[in-house]
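Chains A and B supply the protein sequences, listed in that same order.
If you use the numbering used here, the first sequence corresponds to residues 1 to 407, in order.
If you use the numbering used here, the second sequence corresponds to residues 1 to 177, in order.
Beta carbons: idealized from backbone N, C-alpha and C, even for Gly.
For reference, the structure is listed below as structure tokens.
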Amino acid sequence: MDEGKGSAEAGQESSSRIATKDLTLNMGPQHPATHGVLRLVLDLDGETIVKCTPYVGYLHRGVEKLAENRNYMQILPLTDRLDYIASMSNNLGYCIAVEKLFGIEVPERTEYIRTIVGEMSRIANHLLWLATHALDVGAMTVFLYCFREREAILDLFERLCGARLTVSYPRIGGLKNDVDPQWLKDLYAFTDEFPSRVEQYETLINKNRIWLRRTKGIGVISAEEAINWGLSGPTLRGSGVPYDVRKVTSYGVYDKVKWEVCTCKNGDVYDRYRVRMDEFHQSNSIIRQCIDQIPEGPIMADAPKFTLPAKDKVLNDMEHLIHHFVLITKGPQTAPEGELYVPTEVPKGELGFYFVSDGTGKPYRMRIRSPSFVHISALPRLCEGELIADIIANIGSIDIVLGECDR
Amino acid sequence: MEPMEIAERLKEKFLDEIIQVTQFRDQVFVSVKPDRITEMCRYLHDDPEIYMDFLADLCGADYPERRQRFEVVYNLYSIRHGHRIILKAGVSENDPAIDSVVPVWSGANWHEREACDMYGIVFNGHPDLRRILMPEDWEGYPLRKDYPLTGPVGSEYKGYEELKELHTHDSEWNIQA
Chain A
1 MDEGKGSAEA GQESSSRIAT KDLTLNMGPQ HPATHGVLRL VLDLDGETIV KCTPYVGYLH
61 RGVEKLAENR NYMQILPLTD RLDYIASMSN NLGYCIAVEK LFGIEVPERT EYIRTIVGEM
121 SRIANHLLWL ATHALDVGAM TVFLYCFRER EAILDLFERL CGARLTVSYP RIGGLKNDVD
181 PQWLKDLYAF TDEFPSRVEQ YETLINKNRI WLRRTKGIGV ISAEEAINWG LSGPTLRGSG
241 VPYDVRKVTS YGVYDKVKWE VCTCKNGDVY DRYRVRMDEF HQSNSIIRQC IDQIPEGPIM
301 ADAPKFTLPA KDKVLNDMEH LIHHFVLITK GPQTAPEGEL YVPTEVPKGE LGFYFVSDGT
361 GKPYRMRIRS PSFVHISALP RLCEGELIAD IIANIGSIDI VLGECDR
Chain B
1 MEPMEIAERL KEKFLDEIIQ VTQFRDQVFV SVKPDRITEM CRYLHDDPEI YMDFLADLCG
61 ADYPERRQRF EVVYNLYSIR HGHRIILKAG VSENDPAIDS VVPVWSGANW HEREACDMYG
121 IVFNGHPDLR RILMPEDWEG YPLRKDYPLT GPVGSEYKGY EELKELHTHD SEWNIQA
């Protein structure tokens with residue numbers, strides 16, 4: 001571990017003749033295996049963790065406060081910076097929530113493209129998760145292999161919207177731009193190749209004795225307890241709960257393609273790994289089906305008070321020009337009064353946006369329910385009573401990003 | 001079960017506690033009094049037909065013009081039945097206290113700490129009520145509406161001034177730019 005603040009706690013006489021002392025160890029906030037600026041204070045009895053206290057907030061930027069002072073269009077880039085590993089999913093979660101609040105229906109082509117990029121973002125996120133999780137546990141090669149495919153996806157994002165990490169590609173009511181046929185072809189070629197690449201990763205670690213010993217039976221949490229802690233996403237499904245927001249609330253075109261919710265039953269680090277590996281194949285298949293089915297059509301909804309009008313209309317029609325001008329300079333001026341909670345399934349779990357709208361162009365209250373925040377709160381439950389090395393495996397298995405936790 | 005039906009059941013059981021039931025875009029919001037919140041949550045969690053096993057979210061909100069200035073929002077979801085209901089309990093500014101629901105859902109722990117950190121709402125019976133996102137010695141509650149967006153007056157970022165001061169020593173220490 002990085003720095004041992006060896007403040008010895010009160011001495012403890014064990015049953016044997018050797019007197020032992022509890023040791024308090026500080027891990028983080030600057031530590032490569034905590035996946036960001038997470039600080040853990042561990043009370044140790046030998047190698048066993050007696051108590052684990054996480055400290056978060058090092059990356060707190062006050063996104064919720066900022067959002068109350070921005071209009072709905074200006075908040076979109078802030079959502080990129082929540083979970084920067086999968087910013088596309090965060091953008092989508094935000095846009096879908098705002099559209100539901102405004103009562104906007106997006107065109108079908110947009111729904112397809114959104115589903116495609118959302119699943120690409122899921123693959124990119126799980127690749128980074130696998131790379132770093134395996135690296136933490138001691139498998140270096142997997143890291144390099146995963147980044148090869150992640151690069152391919154980020155390159156596709158770059159061609160699509162010009163950005164690799166903080167994409168801001170979806171817009172309220174649609175998308176920034178349409179996809180071109182060549183891009184879809186290249187993505188299809190990627191999905192041809194990808195399942196064999198997943199097999200490659202699996203041959204590297206699936207039968208690796210060190211990997212199995214470090215993940216099986218570690219950080220076990222039962223289904224009831226996982227639900228009670230509010231865990232979501234693959235972390236919850238690893239305990240055998242088939243809860244996936246994509247299935248229970250229909251958004252995108254998840255109801256028009258064939259796919260399954262992946263679950264395992266033991267609820268340990270290995271099963272959470274298994275769930276994400278299976279999701280690679282599901283996401284890949286969803287992308288392929290979407291490319292096969294994608295219809296032609298517009299990409300922006302027709303809601304001139306909230307969405308930007310098409311450029312050719314702006315240049316030829318006075319009314320559209322006015323809408324464009326007002327939206328760009330002042331943002332949306334009205335919103336339906338009311339409150340609403342809209343969840344979406346991001347790679348890490350359930351990302352929810354809770355809006356209170358008072359009828360102005362700015363949200364009165366915007367609450368972000370981030371999966372990482374909830375997952376870290378359950379970390380002490382997962383690792384108390386286990387060995388100190390297992391903390392690393394546990395942090396990896398709950399897939400956290402501190403930007404999203406601290407908001 | 002339809003969310004309105006759950007609200008009706010809740011009304012039958014806790015008639016005096018329910019203030020108002022509202023609906024917006026197929027979601028149902030129930031405003032309740034804060035006094036018996038744990039009991040209500042326990043009922044919603046345990047009743048086999050309602051069975052709200054998943055606390056999707058818990059957060060605070062601030063309405064300075066209301067008599068009950070703060071609001072605690074409980075977003076309950078049932079994974080078994082797939083229905084959602086949102087409870088809202090108002091607490092006053094003078095005594096912003098409400099019972100903790102950690103005994104019902106362990107996951108409420110950090111959400112309540114955050115509501116306390118951001119709004120100063122006190123959760124009675126919480127096992128470990130400390131600031132979570134802000135530093136422990138921070139003064140004020142950032143998400144309150146009367147808290148300035150750029151932080152308290154006089155706390156503007158002074159990084160550049162500090163840097164300048166730092167670099168006055170460069171020549172003494174033989175550091176070349």
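is_contact[residue i, chain B] using C-beta, thresh 8 Å
{"i": "A/E64", "result": "yes"}
{"i": "A/I227", "result": "yes"}
{"i": "A/K100", "result": "yes"}
{"i": "A/D43", "result": "no"}
{"i": "A/H60", "result": "yes"}
{"i": "A/S377", "result": "yes"}
{"i": "A/R369", "result": "yes"}
{"i": "A/N69", "result": "yes"}
{"i": "A/F373", "result": "yes"}
{"i": "A/R272", "result": "no"}
{"i": "A/V326", "result": "no"}
{"i": "A/G403", "result": "no"}
{"i": "A/N394", "result": "no"}
{"i": "A/G173", "result": "no"}
{"i": "A/K5", "result": "Model confidence at A/K5 stands at a pLDDT of 44, short of 50, so the residue's coordinates are unreliable; what they give is reported in the following sentence. Chain B, which has no Cβ nearer than 8 Å to the Cβ of A/K5, makes this no."}
{"i": "A/V56", "result": "yes"}
Any C-beta of chain A under 8 Å from that of residue i
{"i": "B/F54", "result": "yes"}
{"i": "B/F24", "result": "yes"}
{"i": "B/D57", "result": "yes"}
{"i": "B/F29", "result": "yes"}
{"i": "B/A61", "result": "yes"}
{"i": "B/L15", "result": "no"}
{"i": "B/L10", "result": "no"}
{"i": "B/L44", "result": "no"}
Range of the contiguous beta strand (DSSP E) that encloses residue i
{"i": "B/C59", "result": "F54 to D62"}
{"i": "A/F421", "result": "One cannot answer for residue 421 of chain A here, as it falls past the ends of chain A, which runs 1 to 407."}
{"i": "A/V50", "result": "T48 to Y55"}
{"i": "A/D136", "result": "It is not in any beta strand (DSSP E) - A/D136 instead sits in the alpha helix (DSSP H) that spans E108 to V137."}
{"i": "A/Q200", "result": "Here A/Q200 belongs to no beta strand (DSSP E); instead the alpha helix (DSSP H) covers P181 to I205."}
{"i": "B/E71", "result": "F70 to Y77"}
Candidates the options, of which the one nearest residue i by Cα
{"i": "A/L59", "options": "B/K145, B/G140 and B/P135", "result": "B/P135"}
{"i": "A/P107", "options": "A/T79, A/R171 and A/Q74", "result": "A/R171"}
{"i": "B/L76", "options": "A/L82, A/G352, A/T263 and A/N394", "result": "A/G352"}
{"i": "A/K429", "options": "A/E339, A/N177 and A/E64", "result": "Summary: the structure shown does not reach residue 429 of chain A, with chain A confined to residues 1 through 407, and so no result is reported for it."}
{"i": "A/Y341", "options": "A/G57, A/T24, A/T48 and A/K100", "result": "A/K100"}
{"i": "B/D128", "options": "B/E139, B/E114, B/Y119 and B/E2", "result": "B/E114"}
{"i": "A/Y34", "options": "A/E404, A/R407, A/I391 and A/D406", "result": "Checking the sequence, you will find Thr at residue 34 of chain A rather than Tyr. It is A/I391."}
{"i": "A/L327", "options": "A/D317, A/V346, A/L212 and A/T307", "result": "A/T307"}
{"i": "B/L133", "options": "B/E49, B/Y147, B/C116 and B/P34", "result": "B/C116"}
{"i": "B/K85", "options": "B/G120, B/I121 and B/H45", "result": "Note on identity: in this sequence residue 85 of chain B is Ile, with Lys being the wrong assignment. Among B/G120, B/I121 and B/H45, the Cα nearest to that of B/I85 belongs to B/H45."}
{"i": "B/R9", "options": "B/D35, B/P48, B/V101 and B/G120", "result": "B/P48"}
{"i": "B/I37", "options": "B/Y119, B/I121, B/E17 and B/Q23", "result": "B/E17"}
{"i": "A/E119", "options": "A/G240, A/R197 and A/E345", "result": "A/E345"}
{"i": "A/E337", "options": "A/Y188, A/Y145, A/H133 and A/G359", "result": "A/G359"}
Delimiting residues of the alpha helix (DSSP H) encompassing residue i
{"i": "B/D46", "result": "I37 to D46"}
{"i": "A/V248", "result": "V245 to V248"}
{"i": "A/S89", "result": "S87 to F102"}
{"i": "B/F14", "result": "Taken as a continuous stretch (DSSP letters only), B/F14 belongs to no alpha helix (DSSP H), as it is neither H nor E."}
{"i": "B/N109", "result": "A108 to Y119"}
{"i": "A/P77", "result": "Y72 to D80"}
Check: residue i C-beta below 7 Å from any heavy atom of the ligand SAH
{"i": "A/R148", "result": "The ligand SAH is absent from the structure shown, which contains no ligand whatsoever."}
TODO: Give the residues from the segment 72-106 of chain B that approach chain A closer than 8 Å (Cβ to any Cβ), ordered along the chain.
DONE: When C-beta distances to chain A are compared with 8 Å, the residues of the segment 72-106 of chain B below that value are V73, N75, I79, G82, R84, I86, W105 and S106, in chain order.
Worksheet item: Given a limit of 8 Å on CB to CB distance, which residues of the segment 331-359 of chain A reach chain B?
Response: The residues in question are G338, E339, L340, Y341, P343, E350, G352, Y354 and V356.
Could you please tell me which residues of the segment 117-141 of chain B, in chain order, have their CB closer than 9 Å to any CB of chain A?
Residues of the segment 117-141 of chain B that bring their beta carbon within less than 9 Å of a beta carbon in chain A comprise D117, M118, D128, R131, I132, L133, M134 and P135, in sequence order.
Compile a chain-ordered list of the residues in the segment 234-251 of chain A whose CB is closer than 7 Å to at least one CB of chain B. Answer set for the segment 234-251 of chain A: V241, Y243 and V248.
**OP:** Output the residue ranges of the alpha helix (DSSP H) runs that lie fully inside the segment 215-299 of chain A and measure 4 residues or longer, sorted by chain position.
**Re:** Runs of the alpha helix (DSSP H) inside the segment 215-299 of chain A: 223-228, 234-237, 245-248 and 269-293.
Practice prompt. Name, going along the chain, the residues of the segment 293-314 of chain A whose beta-carbon falls closer than 8 Å to a beta-carbon of chain B.
Written response: Using a CB distance below 8 Å, no part of the segment 293-314 of chain A faces chain B.
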